[in-house]
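Those letters in the sequence shown? Residues 9 to 453, by this note's numbering. Down below is the structure, laid out as C-alpha cells.
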Amino acid sequence: MFSNKKFNFITKNKKRLKNILYLLLFLFFSFTTYLNIPKLLNFSVDSVKKNLKNNNNININNITKINYKIFPTPRLHIPNSNFTIGENNIEINNSELEIILNLTKILDYKEVSYKKLLINKGYSKIDLDNISKLLSNINKIKKKTTFKENNLIFFKNDFLFFEINKAKIKINQSGNTKKLNINGNFLNNEIFIQLKNEPNNKNNFILEIPKLNIASNLFSEKKDFDNFSGFFNFKIFNNLLKFNYIKKNNLKLINGFSRSKLIKSSFEGEITLKPNFFLKLDFKISNLNIKKLFPLIQKTFFVDNKSNLILIKKINGVFNFNSKFDGKITNQNGKILFEDFKIGKNKSFFLNAKIDEFGQKGKIFFNLTKVIKHKKNILKKILISGFIIPHNSKIIFEKLSIDENEVSVKKVKEYQKKLEDELVQDSLENIFNENKINEYLKSLF
C-alpha cells in the first residue's frame, strides 16, 4: 500500500504537470493566433514598394495582390511580379516574390519589416552594355536575396548573347564583403559564377564549368576613379591564358603567358581603348605548331564567313615577335603586313608578306629570300616573289632570281610546277617542312 507521503507527492506532480500542459497549450494557441492574425490585415503596398527599393534596390511599379503565408515561415507572397534592380540594369519578369518577415514585427502591416527576399521562377534580363553598373547595383542591396529556378538572359542590342537556365542566385553580405553566387545550367552543363566585392575596392570574378574543364578568374583593385590593376587567367582543358594588368590612360599587360596545342608564348604590351581600339603586343614564342595553325587560318579566314572577316577589321594593332623567330605584324582595318621576318632553325629565311583581302578570293603576297650553300660551299642567294591562294592551296610564282639574276618566265613556271608536284601536293601544310624546302631550293641550280 502507498503511504500518505507518496500519495501526496504523486498528486502534487500531477497538478504540476497539468499546469505545465495548460501553459504549453496556452502558448501554442497564442503563438498560432499571433501567426494567423496577419491574414486579416491588409499590408501596405506603398510600404512594400518603399522597403524593396531601400533594402534590395528593386523598382516595382505594379503590385496587384499580396498574400500572407505562414509556412514554412511567415512571409508575404506577391505573384506575377515584374520589376527591375537598379536603373533598369536587371529586368525580372513573371516571377514570384516572397518577402520573409521579421517574426517579431509581423503585425506591423503599415511598415513592412523583413529579413530576406526570395525571387522564384521567371526570367532575368541583363544588358551587357550595362554590365559595368551591375556591381554597383548589387552593392546597394542590403537584405539577403535569393533567386530560385530563374532563367538568366544576357543580351546586347536586342541580340541574345547567352543564357543560364534554372539558375539559383544568392546575394549576401558577410562583414564588409558582398557576394553574388550563380549556380545554373549552361548548354546542358553545370556552371558556377561568383562575383565578390571586398573592402578597398577589390573585386573578384570566378567562372567554372567543370564538365568542359573551363575555369576563369578575374581580380581587380581600383586605385581611384579611372585607375585599377589586377590579374586575369582562363583555362580550358590544357589551354591557358593569363596576365597581370594596370589600367591608367591605357591598359598595360605584363607577365602574360599563353599555352595551347598550337602555341606557347609569353607576352606583354598595351591596349589603347579610346578614341580607337588598338593593340601593341610583344611576343616571345617558345613553341609554334605552324603545320596545324595554318590550316586553321585557312578554314577560318579564307572562306566566305563574313562574321570572321568583320573581326579581323576590328583588331587593329602592331605585334612584335622574337625568340623562336623575329618579325612584326601590323593590322590596319583588315590589311595585314608581315615585315622583316626571320624564320627557320637558324633564322635563315627572310620573309615579307601582306594580305589585302580575305575570303575565297583572298591572297597572301610574299617575298622570300634564302641564302643556301651549293657545291664546294658556294653561297647562292635565292629570291622568290609571288602569292598564295589559301582557299584552294595554290602557290603562284611571279618572279624568281638567283644571285640577283632573274630567271626566265618559262623557268619560273617550271619551278612553280615542281613545287606543286613535289612539295605542296594539294596541301599548304607541306610548305612548312624546312628540310623539304631546302631540298627544293637546292634543286633549282
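Backbone N, C-alpha and C define an ideal beta-carbon position, used for all residues, glycine too.
Span of the beta strand (DSSP E) holding residue i?
{"i": "V379", "result": "K371 to K381"}
{"i": "N247", "result": "N247 to K255"}
{"i": "F366", "result": "Taken as a continuous stretch (DSSP letters only), F366 belongs to no beta strand (DSSP E), as it is neither H nor E."}
{"i": "K321", "result": "Looking at the DSSP string, K321 is not in any beta strand (DSSP E); the run it does join, the alpha helix (DSSP H), is K314 to K322."}
{"i": "D334", "result": "D334 to Q340"}
{"i": "V326", "result": "G325 to S331"}
{"i": "E206", "result": "N197 to E206"}
{"i": "N189", "result": "T185 to F194"}
{"i": "S393", "result": "L387 to I397"}
Would you decide whether residue i is buried or exposed? Buried here means 16 or more other CB atoms lie within 10 Å of its CB.
{"i": "N59", "result": "buried"}
{"i": "R83", "result": "buried"}
{"i": "N159", "result": "buried"}
{"i": "F17", "result": "Because the pLDDT at F17 is just 49, under 50, the model does not fix this residue reliably, and the value given afterwards should be weighed accordingly. Classification of F17: exposed, given that the 10 Å Cβ count is below 16."}
{"i": "T153", "result": "buried"}
{"i": "S132", "result": "buried"}
{"i": "T92", "result": "buried"}
{"i": "S182", "result": "exposed"}
{"i": "F155", "result": "buried"}
{"i": "D411", "result": "exposed"}
{"i": "D429", "result": "exposed"}
{"i": "Q433", "result": "exposed"}
{"i": "V379", "result": "exposed"}
{"i": "P218", "result": "exposed"}
{"i": "N441", "result": "exposed"}
{"i": "I190", "result": "buried"}
{"i": "V417", "result": "exposed"}
{"i": "E106", "result": "buried"}
{"i": "F310", "result": "buried"}
{"i": "I78", "result": "exposed"}
{"i": "P283", "result": "exposed"}
{"i": "M9", "result": "With a pLDDT of only 48 at M9, under 50, the local geometry of the prediction cannot be trusted, and no value is derived from it."}
Pull up the distance between the alpha-carbon of residue i and that of residue j, whole angstroms please.
{"i": "S89", "j": "I244", "result": "39 Å"}
{"i": "E437", "j": "S401", "result": "9 Å"}
{"i": "A361", "j": "F251", "result": "30 Å"}
{"i": "Q368", "j": "Q306", "result": "9 Å"}
{"i": "N339", "j": "L376", "result": "20 Å"}
{"i": "N27", "j": "N197", "result": "60 Å"}
{"i": "L427", "j": "N246", "result": "37 Å"}
{"i": "I459", "j": "G238", "result": "The question about residue 459 has no answer, for the chain in this structure spans 9 to 453."}
{"i": "T112", "j": "K256", "result": "51 Å"}
{"i": "L387", "j": "S356", "result": "13 Å"}
{"i": "F346", "j": "K174", "result": "49 Å"}
{"i": "L226", "j": "L248", "result": "14 Å"}
{"i": "K164", "j": "D135", "result": "6 Å"}
{"i": "L259", "j": "F240", "result": "13 Å"}
{"i": "N69", "j": "K148", "result": "19 Å"}
{"i": "K186", "j": "I177", "result": "13 Å"}
{"i": "L452", "j": "E171", "result": "59 Å"}
{"i": "S294", "j": "L195", "result": "35 Å"}
{"i": "N446", "j": "S409", "result": "16 Å"}
{"i": "N102", "j": "K129", "result": "7 Å"}
{"i": "D54", "j": "I98", "result": "22 Å"}
{"i": "K450", "j": "H382", "result": "7 Å"}
{"i": "P80", "j": "N110", "result": "13 Å"}
{"i": "V3", "j": "N443", "result": "Because the chain spans 9 through 453 in this model, residue 3 falls outside it and cannot be assessed."}
Go to residue i, then tell me how far its alpha helix (DSSP H) extends in each direction, as first and last residue.
{"i": "Y423", "result": "V417 to L427"}
{"i": "S273", "result": "Looking at the DSSP string, S273 is not in any alpha helix (DSSP H); the run it does join, the beta strand (DSSP E), is I271 to T280."}
{"i": "E442", "result": "E442 to K450"}
{"i": "N354", "result": "Where N354 is concerned, there is no enclosing alpha helix (DSSP H), given that its DSSP letter is neither H nor E."}
{"i": "T72", "result": "No alpha helix (DSSP H) holds T72; DSSP gives it neither H nor E."}
{"i": "Q306", "result": "I298 to F309"}
{"i": "N241", "result": "Premise fails: N241 lies in the beta strand (DSSP E), F236 to I244, not in any alpha helix (DSSP H)."}
{"i": "L60", "result": "V53 to N64"}
Determine which residues share a DSSP beta bridge with residue i and list them.
{"i": "K156", "result": "N128"}
{"i": "L220", "result": "L220 pairs with nothing; no bridge assigned."}
{"i": "F162", "result": "I134 and F170"}
{"i": "I98", "result": "I93 and I134"}
{"i": "Y122", "result": "L109"}
{"i": "R267", "result": "L248 and K272"}
{"i": "S401", "result": "Looking at the DSSP assignment, S401 forms no beta bridge with any residue, so it has no partner."}
{"i": "R83", "result": "K77 and I108"}
{"i": "K210", "result": "E206 and E229"}
{"i": "F291", "result": "F275 and F329"}
{"i": "E414", "result": "S409"}
{"i": "E347", "result": "K336"}
{"i": "K176", "result": "N191"}
{"i": "L436", "result": "None; L436 has no bridge partner."}
Cβ-heavy atom distance between residue i and the ligand MG below 7 Å?
{"i": "F227", "result": "Summarising the ligand content, the structure contains no ligands, and the ligand MG is consequently not present."}
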